[in-house]
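Following: one structure in structure tokens, then a few remarks.
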Amino acid sequence: MQRIRWNKTRAGIAALSLLLLYLSLTARTMTLKYARIVDAKPKVVWEYVADFSNIKKINPSILDFSIIDESGTYDKWSYSVTYTERLSQWPYLYNVGHGHFQVRPINEKVHSYIIESKHKTCFFSGFLCYKTISDMTFKPTVDDRTTCEETVQYQCPGLFALFCRAEVSYQRTAIMDNLRNHFTWKRS
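If you read the sequence shown in our numbering, its first letter stands for residue 1453, the second for the next number, and so on.
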């Protein structure tokens, strides 16, 4: 009798542990928005950001990248890239991302442009993978500058929600600040 009760207790603890592990690693989708004013025309900023070879200058987390595929015309093109990045909140942890980018004008008459991207970011050699969707728009201001706005929808395990938010915030703030600084310096 004692042995049966002991086994039921163990089974209950094991089941509860598995449930908690599942809930803590299951992806939840969160959304953040960022915006900055940049001292350049929208098309110039859009072209600079769309050229992935500039990404290491504006995103300090990116360590290396490789463009896998590219197609389209000058104004409407798409490309796929694989990149390695180091997390700012935990610098000894690396991840590999696979991104697919669509680069196009929204409305050329009013000089508005967009970069749409979808990413799959994997940790621990592909054991844990999460998705991110980003829309970055470039629109003119009344004083001949550019409003850069980015909406990021990202997946993160519930257990690491605060960590993920801090990481996304760090990267997006760094990208926006470095972009603004690049064009402010260039204009001087």
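We put the beta carbon where it would ideally sit given N, CA and C, even for glycine.
How is the alpha helix (DSSP H) around GLU1560 delimited, first residue to last? As a working mapping, residue 1560 is identified with position 108 in the sequence shown. Premise fails: GLU1560 is in no alpha helix (DSSP H) and is neither H nor E.
Hey, would you say ARG1597 sits closer than 9 Å to ASP1491, going by beta carbons? Here residue 1597 refers to the residue found at position 145 of the sequence shown. Here residue 1491 refers to the residue found at position 39 of the sequence shown. Annotated as proximal: ARG1597 and ASP1491, with beta-carbon spacing under 9 Å.
Alpha helix (DSSP H) runs contained entirely in the segment 1525-1595, provided each spans 4 or more residues: Segments of the alpha helix (DSSP H) lying fully in the segment 1525-1595: there are none.
Residues in the same chain with beta-carbon distance under 6 Å from GLY1549, minus the five sequence neighbours each way, listed in chain order, please. Numbered from its first residue, the sequence shown carries residue 1549 at position 97. Result list for GLY1549: TYR1535, HIS1571, THR1573, in chain order.
Buried or exposed by the 16-neighbour rule on C-beta atoms within 10 Å, applied to GLY1498: The count along the sequence shown starts at 1 and reaches residue 1498 at position 46. A small correction: the amino acid at residue 1498 is Trp; Gly does not occupy that position in the sequence shown. TRP1498 is buried by the Cβ-count criterion.
Going by Cα to Cα distance, which pick from ILE1627, ILE1566, VAL1594 is closest to SER1513? If you number the sequence shown from 1, residue 1513 lands on position 61. Here the closest residue by C-alpha is ILE1627.
List the endpoints of the continuous beta strand (DSSP E) containing ALA1479. Sequence index remark: in the sequence shown, residue 1479 carries index 27 (1-based). Counting along the chain, the beta strand (DSSP E) containing ALA1479 begins and ends at 1479-1490.
Between the segment 1606-1620 and the segment 1465-1483, can you find at least three pairs of beta-carbon atoms closer than 8 Å? The segment 1465-1483 is in contact with the segment 1606-1620.
In angstroms, rounded to a whole number, what distance separates the CA positions of SER1564 and THR1599? If you number the sequence shown from 1, residue 1564 lands on position 112. If you number the sequence shown from 1, residue 1599 lands on position 147. Computed Cα separation, rounded: 10 Å.
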